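Written below as structure tokens is the structure these notes are about.
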Amino acid sequence: MKSIPFARIVCDGNERKYLEEVLESGWLTTGSFAARFEECFAEAVAAPHALAVSSCTAALHLALEALNIRSGDTVLLPTLTFTATAEVVRYLGAHPVPLDVDYATGLLTPEIVSEGLRRHPRCRAVIVVHYGGQTARMAGPGGIKELCDQRGVPVVEDAAHAFPARDAGIAAGSLGDVACFSFYANKTITSAEGGMLVTHNEAIATRARLMRLHGINRDAWDRFKSAGRWEYDVVAPGYKYNLPDLCAAVGLAQLERAEPLRAARQRCAAFYQDALEGTPGIDLPKARVAPADHAWHLFPIKLTEASAVDRTTCIEAMSEAGVGTSVHYKPLHRLSYYQGTYDLKAEDFPQAEAFWQRCLSLPIYPSLNGGEQSYVAETLKSLVRGTPPTGRS
Ligand SMILES: *Cc1c(COP(=O)(O)O)cnc(C)c1O
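Below, the structure is given as structure tokens:
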């Protein structure tokens, strides 16, 4: 029987070489590799400031803190996201206000954000999630950034899925006021655990850099480098969100191959597109951007009424056939904490509701080979058609 996991990480670049350098350096935590990772990442997203941190969740927390989000403030965000997007708002005592998303793409649209801003005129920030690896419509006239700028509301990109991705030629990371990337194990590039805060705003960068490491006015690496300089001051009760060099070494090696890895996922997407196109019961993901501008972190299909199986049955049957799938996401308004705390009603999120009830993410990663992909596609097609899966060996 085949076994095709939902995610599989292959480290076949400079990961081992860099890890060895770190192990031999005498300094395993944040140091020269983290600094190199930041420099290279800043260049990749064409932003002046990139801060390596321990996770995307940490980056989001630092971003909101740097934007001075406080207790009682409201922050708009899509309901179709991972809980991290909303929990960081609660860290600061502020309130997340989930918005519906576009059914076709799973993204916030300028129309949805505009309506959200109208209904919540005192909101203090908008977090945009580049769901699945393609950017929401941020750039240009009528884009989300312009809409928010007109009201003086900063935009945070939750770009956990979107490295590397672009909107109208601009890299995710340079589309909002501040952006947060994830290098968690199953993301498009990984450092096992890790994240990056990116911004063009000097004040945000300065505040986040301070809060990333205990609110100390000079980071530990500087003290390590300049022997004899022992003195430091603490100017705020900061956090412990630095990224160790052990992780940065892996992240840097992955970053070097980000484009070929992205192109390999694009090929996977094109394969699924060809293999599944026109199958009654399967709604393929809609690309808002050109294929080369898409990070292809996820390949979320939807099962329509014409499918012989519902989503939950399909996941079980795929798993029995050895294929790992996942659901992105059970929306915030369905999670008991947010539902209960904010009295959220499913009928207020009709598009996200329809999306999540039907969605199913297929394996998509560079090491997924043609044979595996056709097995995934054929297994899925036979389930959706109501014929017994073929090729079970
Ligand atoms: C993975 C993810 C995060 C959190 O990333 P971590 O690096 O694990 O903290 C945040 N938002 C979205 C949309 C994600 O998918």
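Start counting the sequence shown at 61; every next residue gets the next number (our numbering). The beta carbon of each residue, even a glycine, is placed where N, CA and C say it ideally should be. Predicted, not measured: the structure shown is a model, and the values here were computed from it.
Is the closest heavy atom of ligand 1 to the C-beta of residue i under 8 Å?
i, result
"Ser-386", "no"
"Thr-259", "no"
"Gly-254", "yes"
"Cys-240", "yes"
"Leu-120", "yes"
"Lys-390", "no"
"Asp-218", "yes"
"Cys-116", "yes"
"Tyr-244", "yes"
"Val-188", "no"
"Thr-145", "yes"
"Lys-62", "no"
"Phe-101", "no"
"Thr-139", "no"
"Phe-97", "no"
"Lys-247", "yes"
"His-221", "yes"
"Phe-142", "yes"
Please name the residue or residues paired with residue i in a DSSP beta bridge.
i, result
"Val-238", "Val-216 and Thr-259"
"Lys-362", "Asp-343 and Cys-419"
"Ile-375", "Per DSSP, none; premise fails for Ile-375."
"His-109", "Thr-259"
"Ile-129", "For Ile-129, which the question treats as bridged, DSSP gives no partner whatsoever."
"Ser-427", "None; Ser-427 has no bridge partner."
"Val-294", "Ile-276"
"Ile-64", "Val-383"
"Lys-300", "Leu-273"
"Ala-231", "Arg-226"
Take the Cβ of residue i as the centre, count every other Cβ of all protein chains shown within 10 Å, and call the residue buried at 16 or more, exposed below.
i, result
"Ser-453", "Caution applies to Ser-453, whose pLDDT of 44 falls short of 50 and renders its modelled position unreliable; the model cannot decide the point."
"Arg-76", "exposed"
"Ser-63", "exposed"
"Lys-205", "buried"
"Leu-83", "exposed"
"Met-61", "exposed"
"Thr-364", "exposed"
"Ser-131", "exposed"
"Gly-446", "exposed"
"Asp-160", "buried"
"Gln-194", "buried"
"Tyr-398", "buried"
"Thr-439", "buried"
"Asn-429", "exposed"
"Lys-247", "buried"
Could you give the residue range of the alpha helix (DSSP H) that holds residue i?
i, result
"Val-444", "430-445"
"Val-310", "305-316"
"Ala-185", "Counting along the chain, Ala-185 falls outside any alpha helix (DSSP H), though it belongs to the beta strand (DSSP E) covering 185-189."
"Thr-401", "396-402"
"Ala-102", "92-104"
"Ser-85", "75-85"
"Ile-204", "204-210"
Tell me where the beta strand (DSSP E) around residue i begins and ends.
i, result
"Val-135", "134-138"
* Ignoring anything shorter than 3 residues or poking outside the region 142-170, list the beta strand (DSSP E) runs there in chain order. => 155-159
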